[in-house]
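**Q** Residue numbers (UniProt numbering): 1 to 647.
No residue lacks a Cβ here, since even glycine has one placed at the ideal position from N, Cα and C.
This is the structure I want to talk about, given as structure tokens.
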């Protein structure tokens, strides 16, 4: 394992760095020793928030009976006859939590670092109920994790095959209905989508004692937002006496969000387990786009998009200038303030740059406020025009972000996808935004950038009048670009270097790459196999469920090929492989594009350095967008650490 990047490789850049629980402003490799990690934590007693209906979170310590010092004594004291292994390795806080949960009648959210044994703790709790011949539901957000949890259950619990059942969306509905009615099934491991569908159609009835579980374990509880299946599922649990245990490495970013999430699931107690994490190296790597190192077409395409953004920026200011005629003094001041907000969001060091997603949101809100101040009916048309220009600027920024942060293929694939979506909207009789028509169907800078990069492929004429109503197969676009000899993005070169070096030092090494897009995942895995075969690179791709994609059993086989060493690189969409995946020997992780949510960063970090492996995680940084995402991630994590310091 290398000791991290040199300054020549970008390791000395001065951008902020987020490390699990530790904030640093240096880009050099960061190695936190286990001793330092332990010293930074609070005492081994579990700190608690107390009941969430209190006005404030009050730290609390658990003062139950003496914590058992062995699995055997735990089994004896709490009647956990179903717990199989007597040689389990655990830390005091884990057993302490198990004891507290079993002695309490409350519902808990438990937070512990990734890779610290949350599933083990949950199964230890479940063993009490299973030992008493009671039903337990273990709900996990992905089909691939169902099999993993089942494997752990077989390892830790003395449970017969017929007592454990796995249910996913791929399980036949008629079979699922029979499973709930079979009294021999005690441990149900299932996905929330399948369960909420079964509840909705009456395949399982929580009002029937023989079907109702005594304990529900909800894995990755932080996913329960919006209209996620977890949220829909929680509505069925209201006003029903159930014990619920929620698990996560990062339950919420704020106490307000924590309250909301716990209220959703009917949880009243929050516990954060202090468990030392293994040493890990974390280092962002800067991969600039430079002339002479990337194709000239990429440089030209970026210039086209920049010019397009500058043109829209000027159109906005021209419209504001016309809007300012004949208004009151206070209205003129409001227009000037909005104009200044735009300038602030789209300039950096005196040069034009596309606003980040947060900047786009502030501009939309600023326009709404301005519209509320200027109510003259004769001015209405200008606000419609300004709204359309902001949408165009935002879309150009998104295109620019795909190209500069993800690469040529990601940009082309996104634009073809937008074209296809626009055609489908017309076929359905729906209106298409004028801003999108300006970008994709006129002589725009987007069209020029697209044709510059699609030259030599069958997609060169996608954005032309004759193809206005044509749908294009994006799979063939990927196939046509895989064979190109030049770099798709500077990050591609850095990936090859990192992976080849890791394999050279340790031939049995395993590497995981976190991506944000399905198409990017498939493209990158194929590019690695094509260009990296001589270096011993054998990559597989993991993507989520969907039409024409691998089902859960096929994804399990792909993961198994990686786990046993048939493949040594796994490229996966971060939402699929970022949570719950347990492969102990992963030494190197690479985040292809930074993401602003610290939850996602923590999950990615938790995939490396498990078991006996010392892990390293690199974050690849190229564009203005990458930098801002990393900064936002750091800021959110730092704010959360301060707010949760008393827990």
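Put residue 134 into one of helix, strand or coil per three-state DSSP.
**A** Reduced to three states, the DSSP call for residue 134 is coil.
**Q** Nearest CA to the CA of residue 508: which residue from 547, 477, 565 and 152?
**A** Closest by alpha carbon: 565.
**Q** Return the chain-ordered ranges of every alpha helix (DSSP H) run that is complete within the region 386-440 and spans a minimum of 4 residues.
**A** As far as the region 386-440 is concerned, its whole alpha helix (DSSP H) runs of at least 4 residues are 408-427.
**Q** Would residue 578 pass as a contact of residue 561 if the rule is Cβ separation under 7 Å?
**A** Not a contact, by the Cβ cut-off of 7 Å.
**Q** The beta strand (DSSP E) that contains residue 571, what's its start and end?
**A** That run of the beta strand (DSSP E) goes 569-573.
**Q** Within its chain, find whatever has a CB closer than 8 Å to the CB of residue 302; leave out the 5 residues flanking it on each side and keep chain order.
**A** Cβ within range, chain order: 289, 400, 403, 404 and 449.
**Q** Going along the chain, which residues of its own chain have a beta-carbon closer than 6 Å to the beta-carbon of residue 410, five neighbours each way excluded?
**A** Only 402 and 520 meet the Cβ criterion.
**Q** Work out the CA separation of residue 307 and residue 583 for me, nearest whole Å.
**A** Cα to Cα, residue 583 sits roughly 46 Å from residue 307.
**Q** Using alpha carbons as the reference points, say which of 97, 376 and 366 lies closest to residue 387.
**A** Considering only alpha carbons, the answer is 366.
**Q** Our contact map puts residue 462 next to residue 518 with C-beta atoms below 8 Å; I'd like the distance itself, whole angstroms only.
**A** 20 Å between Cβ atoms; not a contact.
**Q** Is residue 331 helix, strand or coil by DSSP?
**A** Note: residue 331 maps to helix in three-state DSSP.
**Q** Within 10 angstroms of the Cβ of residue 525, are there 16 or more other Cβ atoms? Answer buried if so, exposed if not.
**A** Buried: at least 16 other Cβ atoms inside 10 Å.
**Q** When the Cα atoms are used, what is the spatial distance from residue 459 to residue 180?
**A** Cα to Cα, residue 459 sits roughly 51 Å from residue 180.
**Q** When you compare each of 299, 424 and 370 to residue 331 by their alpha carbons, which one comes out closest?
**A** Taking only the C-alpha atoms, the option nearest residue 331 is 370.
**Q** Helix or strand or just coil, what does DSSP make of residue 156?
**A** Looking at residue 156 - three-state DSSP - the assignment turns out to be helix.
**Q** Based on Cα-Cα distance, which residue from 588, 575, 586 and 163 lies nearest to residue 597?
**A** Checking every option, the nearest Cα to that of residue 597 belongs to 575.
**Q** Since residue 320 is in the alpha helix (DSSP H), which residue starts that stretch and which ends it?
**A** Counting along the chain, the alpha helix (DSSP H) containing residue 320 begins and ends at 296-323.
**Q** Taking all protein chains shown into account, decide if residue 155 is buried (16 or more other Cβ within 10 angstroms of its Cβ) or exposed.
**A** Per the 10 Å Cβ criterion, exposed.
**Q** With DSSP collapsed to three states, give me the class of residue 615.
**A** DSSP places residue 615 in strand when its eight states are reduced to three.
**Q** Compare the C-alpha of residue 630 against each of 356, 394 and 291 and name the closest.
**A** Residue 356 is the option with its Cα nearest to residue 630.
**Q** Could you tell me how far apart the beta carbons of residue 116 and residue 275 are, in whole angstroms, since I believe they sit closer than 8 Å?
**A** With 8 Å as the limit, residue 116 and residue 275 qualify as a contact, their Cβ atoms being about 4 Å apart.
**Q** Beta-carbon within less than 7 Å of residue 480's beta-carbon, same chain only, minus the 5 sequence neighbours each way: which residues are those?
**A** Excluding positions up to five away in sequence, the list reads 457 and 458.
**Q** Taking one C-beta from the region 205-212 and one from the region 70-80 each time, how about it: are there three or more such pairs within less than 8 Å?
**A** Short answer: they don't touch.
**Q** Spatial neighbours of residue 165 within its chain, please: CB distance less than 6 Å, with the 5 preceding and 5 following residues excluded, ordered by chain position.
**A** For residue 165, where only same-chain residues beyond five positions count, the Cβ hits under 6 Å are 179, 185 and 188.
**Q** Please state the DSSP three-state secondary structure of residue 654.
**A** Outside the shown range of the chain (1 to 647) lies residue 654, about which nothing can therefore be said.
**Q** Straight-line CA distance for residue 112 to residue 606?
**A** One C-alpha to the other measures close to 11 Å.
**Q** Put residue 190 into one of helix, strand or coil per three-state DSSP.
**A** In the structure shown, residue 190 sits in a strand (DSSP, three-state: E or B).
**Q** When DSSP labels each residue in this structure, what does residue 90 get in the three-state scheme?
**A** Note: residue 90 maps to coil in three-state DSSP.
**Q** Which value, in whole angstroms, describes the spacing of the CA atoms of residue 640 and residue 504?
**A** So the two alpha carbons sit approximately 40 Å from each other.
**Q** Take residue 205 and list the residues in its own chain whose beta-carbon comes closer than 7 Å to its own, dropping the five residues that flank it on each side.
**A** Closer than 7 Å at Cβ, skipping near neighbours: 211.
**Q** Using 10 angstroms around the beta-carbon of residue 647, count the other beta-carbons present and answer buried if the total reaches 16, otherwise exposed.
**A** Buried, since its Cβ has 16 or more Cβ neighbours within 10 Å.
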